[in-house]
């Protein structure tokens, strides 16, 4: 895919979380248990936005999408504490972390920390990546050389949205070698989700998940979740979910991100913005740490994305963007109940069916969705308005007005980065408006359908 046409520069500056340039965070959580559905099939009923999913042994089919799903597939997990939503009035909630053990960041982090991230001295690691990284950059060869005799193989055919045929092939390669206990994903969301899906399949075969080390080269934040999404043979985005699918180690190396095309890093930065923004009104988001970290993530994204556009070689800026990406979604933990929100739902409806990268779908949808939600819900407007200072917007005291201004700030940021585009430019005909709207809402008429239809029409 070619980068969108360039647009005039603009810089939005705001206060943001101050973090060191390089370092390492470590944590151990031993009480997380994994999800395995014992029922043959559970039909999950949906909220007013009407998403339907089918769950069978952890398999999630995203046939219709919405803001939240109840009962959640994670309620079937044997956790020590019952899942509860958070609330603002009264202020209450329950946060449960994933089993992430370490996070390393800074220049040359891969060289410094990769081997120490392996679970055992005798570990054998299999690499999952895409063709471009394997053939057009030195990164994969560098990782293979670092691993030495611990390298058990590399699969480099993962494409956009992770087609299931590629997962099938990679899974068979891993299953043939019983010495492999570690999977290393290098790249963006597709290789990372593919590695999670392969681990899930290996567990079905052996009863053991693979230890997952991920080296992200974009800002998609796929490394933060316990869901692995991929595309089935019909072109539908599907996935698996399990508490043990979150990677154990994340390595953010700014030198690896230097190989990422600037348009791709910036557009996935808007995907991270999408995570941060929609977590503000996501029912299961906790005030601490989820929403507070999402606010700071958005602040760094607003500040650093324009700086990155001006100088894509600034490794301090890249590192801050990588950490902002993690903060945008990494503190949701296990508090995940279906799709995050309407912008994500539209991203699923537009992404794999029309071959549009999710970073670009976020560029198209997020600003418009924020403005729509600000108009429709005073509760959502209250949460979105908290983003105003981080988006460079002065608070007026009117939540709805401030929330709409945040949506406008997002649209202005997208344009300033040269990422503004339309569905027409992406080859999506206007005859698809009904299909997209129906997929996103699960409805064919009514107020919700008409509002989302109008939003989709505005994307042309």
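In the numbering used here, the protein residues as written are 25 to 484.
Glycine included, every Cβ here is placed at the ideal spot set by N, Cα and C.
Sequence-distant residues of the same chain with beta carbon closer than 6 angstroms to residue i, five excluded per side
| i | result |
| --- | --- |
| residue 390 | 298, 367 and 434 |
| residue 240 | 247 |
| residue 313 | 355 |
| residue 213 | 244 and 246 |
| residue 360 | none |
| residue 431 | 391, 394 and 395 |
| residue 463 | 373 |
Residue i (DSSP reduced to helix, strand or coil)
| i | result |
| --- | --- |
| residue 94 | With a pLDDT of only 26 at residue 94, under the threshold of 50, the placement of this residue in the model should not be trusted; the figure read from the coordinates follows. Residue state, collapsed to three classes: coil. |
| residue 178 | strand |
| residue 211 | strand |
| residue 14 | Residue 14 is absent from the structure shown; the chain starts at 25 and stops at 484. |
| residue 295 | helix |
| residue 36 | With a pLDDT of only 27 at residue 36, under 50, the local geometry of the prediction cannot be trusted, and the value read off the model is given with reservation. DSSP places residue 36 in coil when its eight states are reduced to three. |
| residue 250 | coil |
| residue 51 | With a pLDDT of only 37 at residue 51, under 50, the local geometry of the prediction cannot be trusted, and no value is derived from it. |
| residue 336 | coil |
| residue 265 | strand |
| residue 238 | strand |
| residue 109 | coil |
| residue 187 | strand |
| residue 372 | helix |
| residue 310 | coil |
| residue 205 | strand |
| residue 480 | helix |
| residue 255 | strand |
| residue 245 | coil |
| residue 273 | strand |
| residue 488 | Any answer about residue 488 is impossible in this case: the structure gives the chain only from 25 up to 484. |
| residue 260 | coil |
| residue 227 | helix |
| residue 284 | coil |
| residue 320 | helix |
| residue 357 | coil |
| residue 431 | helix |
| residue 364 | coil |
Environment of residue i [buried if 16+ CB atoms lie within 10 Å]
| i | result |
| --- | --- |
| residue 325 | buried |
| residue 235 | buried |
| residue 478 | exposed |
| residue 112 | exposed |
| residue 315 | buried |
| residue 238 | buried |
| residue 455 | exposed |
| residue 266 | buried |
| residue 114 | exposed |
| residue 458 | exposed |
| residue 398 | buried |
| residue 451 | exposed |
| residue 258 | exposed |
| residue 227 | buried |
| residue 349 | buried |
| residue 230 | exposed |
| residue 386 | buried |
| residue 149 | buried |
| residue 333 | buried |
| residue 426 | buried |
Cβ-based neighbour list, residue i, same chain, cut-off 8 angstroms, excluding 5 preceding and 5 following
| i | result |
| --- | --- |
| residue 400 | 475 |
| residue 335 | 341 |
| residue 402 | 423 and 424 |
| residue 222 | 152, 191, 194, 195, 198, 207 and 234 |
| residue 470 | none |
| residue 548 | There is no way to answer for residue 548, as the model of the chain reaches only from 25 to 484. |
| residue 181 | 154, 155, 190, 193 and 194 |
| residue 351 | 41, 300, 317, 318, 320, 321 and 324 |
| residue 446 | 388, 483 and 484 |
| residue 170 | 134, 135, 138 and 139 |
| residue 338 | 331 and 332 |
Own chain, CB closer than 7 angstroms to residue i, minus 5 neighbours either side, in chain order
| i | result |
| --- | --- |
| residue 217 | 186, 246, 252, 253 and 254 |
| residue 109 | 307 and 308 |
| residue 188 | 254, 255, 256 and 257 |
Within 8 angstroms, do at least three Cβ pairs link the stretch 169-180 to the stretch 373-391? no
Can you give, in chain order, each stretch of the alpha helix (DSSP H) that sits fully within the stretch 440-473 and has at least 4 residues? 457-465
Every unbroken alpha helix (DSSP H) inside the stretch 115-172 [4 residues or more]: 133-141, 155-160 and 163-171
Is the number of C-beta pairs between the stretch 332-350 and the stretch 283-295 that are closer than 8 angstroms three or more? At 8 angstroms Cβ cutoff, the stretches touch.
For the stretch 141-154 and the stretch 195-206, state whether three or more C-beta atom pairs, one from each stretch, are separated by less than 8 angstroms. yes
The stretch 407-420 contacting the stretch 378-392, beta-carbon criterion three pairs below 8 angstroms: no
At least 3 beta-carbon pairs within less than 8 angstroms: the stretch 154-169 vs the stretch 302-319: no
Between the stretch 189-201 and the stretch 163-172, can you find at least three pairs of beta-carbon atoms closer than 8 angstroms? no
What residue ranges within the stretch 374-427 form continuous alpha helix (DSSP H) runs of no fewer than 4 residues, ordered along the chain? 382-400 and 402-409
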